[in-house]
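Chemist: Let me begin by handing over the structure; questions about it come next.
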Amino acid sequence: MSYLLELQQEDRRYVVGIFESEETVHSFIELIPFVKKTVDKQETFTWIDYTMRFEEMPEYFEISYNNYVYVLSKYSFVPGDNVIDFIWYPVHQWDKKKVENKTYIEGMTTVDAYSIPNNDVEEYIKSREQLFEAGKAHYTKKGLSVTRKGIGTQDGEYVLVEDSILYLLDAYAVDIWEKTKDFEQFLKQYQE
55 MSYLLELQQE DRRYVVGIFE SEETVHSFIE LIPFVKKTVD KQETFTWIDY
105 TMRFEEMPEY FEISYNNYVY VLSKYSFVPG DNVIDFIWYP VHQWDKKKVE
155 NKTYIEGMTT VDAYSIPNND VEEYIKSREQ LFEAGKAHYT KKGLSVTRKG
205 IGTQDGEYVL VEDSILYLLD AYAVDIWEKT KDFEQFLKQY QE
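Shown next as structure tokens:
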């Protein structure tokens, strides 16, 4: 898996380049003497974070990697308390390997406020919509108003019945719905 490395500070974002592995991303960053490395070890994973501060950066600095030179300058960033973060994430190289059959790329797709594995997105969205429609049918039979709100918010979309939040359209609710496929059962389990 290849990784795209970026520098980010507030709304400033600079693409550094693509690396063949996470290890080579680390190797590149660790060539910079004024970078702060933070390691957070948990039971199941280790999180490594790299940051720089404007005040500690030189006016001009060259990073030589595989005979290529990447230039850093403090003048590309903003002074103040906000650190400059090194962010890397996996990227798919579309032309690197061709496949014969339908194959989902590694990674996630954001559906509202939640990240869903690419190979599960279609089924997740179908189940999510079935859940909304089942709730809508259940309450409109009773003469109640059913609406959706909150799409694009931090907590994600939710279902309102008569202006009261009934449930979130999140991964937890979709999981319960997929197991029950019955709205009464869904409500009972969701509210437990």
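Residues 55 to 246 in the numbering used here are what the sequence shown spells out, letter by letter. We treat Cβ as the ideally placed atom computed from N, Cα and C, and that holds for glycine. This structure is a prediction, so every number in the text was calculated from the model and none was measured.
From the DSSP output, in three-state form, read off Ile230 for me.
Modeler: Here Ile230 sits in helix by DSSP.
Chemist: Which class does Arg78 belong to by DSSP, given the choice of helix, strand or coil?
Modeler: Residue identity check: residue 78 is Thr in the sequence provided, not Arg. If DSSP states are grouped into helix, strand and coil, Thr78 belongs with the helices.
Chemist: Report, in whole angstroms, the separation of the C-beta atoms of Thr105 and Ile138, which I expect to be a contact under 8 Å.
Modeler: Confirmed, about 6 Å.
Chemist: Can you find the residues in the same chain that come closer than 8 Å, C-beta to C-beta, to Val175, ignoring five residues on each side of it along the sequence?
Modeler: Correct list, in chain order: Thr163 and Val165.
Chemist: Do you know whose CA, among Lys190, Ala225, Glu64 and Gln147, lies nearest Ile179's CA?
Modeler: For Ile179, the nearest C-alpha among the options comes from Ala225.
Chemist: Which two residues bound the contiguous beta strand (DSSP E) that contains Gln62?
Modeler: Per DSSP, Gln62 belongs to the beta strand (DSSP E) from Ser56 to Gln63.
Chemist: Whole angstroms are fine: how far does the CA of Val153 sit from the CA of Ser127?
Modeler: Ser127 and Val153: Cα-Cα distance of roughly 42 Å.
Chemist: What does a CB cutoff of less than 7 Å around Tyr124 pick up in its chain, not counting 5 residues either side in sequence?
Modeler: Taken in chain order, the residues that qualify are Val70 and Ile117.
Chemist: Pro87 and Glu109: beta carbons closer than 8 Å?
Modeler: No; because the gap between Cβ atoms is not below 8 Å, this pair is not in contact.
Chemist: Return the chain-ordered ranges of every alpha helix (DSSP H) run that is complete within the segment 156 to 221 and spans a minimum of 4 residues.
Modeler: As far as the segment 156 to 221 is concerned, its whole alpha helix (DSSP H) runs of at least 4 residues are 175 to 194.
Chemist: Is DSSP giving Tyr129 helix, strand or coil here?
Modeler: It is helical.
Chemist: Go through its chain and collect everything with a Cβ distance to Val145's Cβ below 7 Å, but skip five positions before and after it.
Modeler: Counting only Cβ-Cβ distances below 7 Å, and skipping sequence neighbours, we find Ser56, Tyr57, Leu58 and Ile72.
Chemist: What does the alpha-carbon distance come out to for the pair Lys235 and Gln96?
Modeler: Using only the alpha carbons, I get a separation of about 37 Å.
Chemist: Could you tell me the distance, in whole angstroms, from the CA atom of Asn121 to the CA atom of Lys233?
Modeler: Asn121 and Lys233: Cα-Cα distance of roughly 55 Å.
Chemist: What's the C-alpha gap between Pro112 and Gln245?
Modeler: The straight-line gap from Cα to Cα measures roughly 56 Å.
Chemist: Using only the alpha-carbon positions, how far apart do Gln208 and Tyr168 sit?
Modeler: C-alpha separation (whole angstroms): 9 Å.
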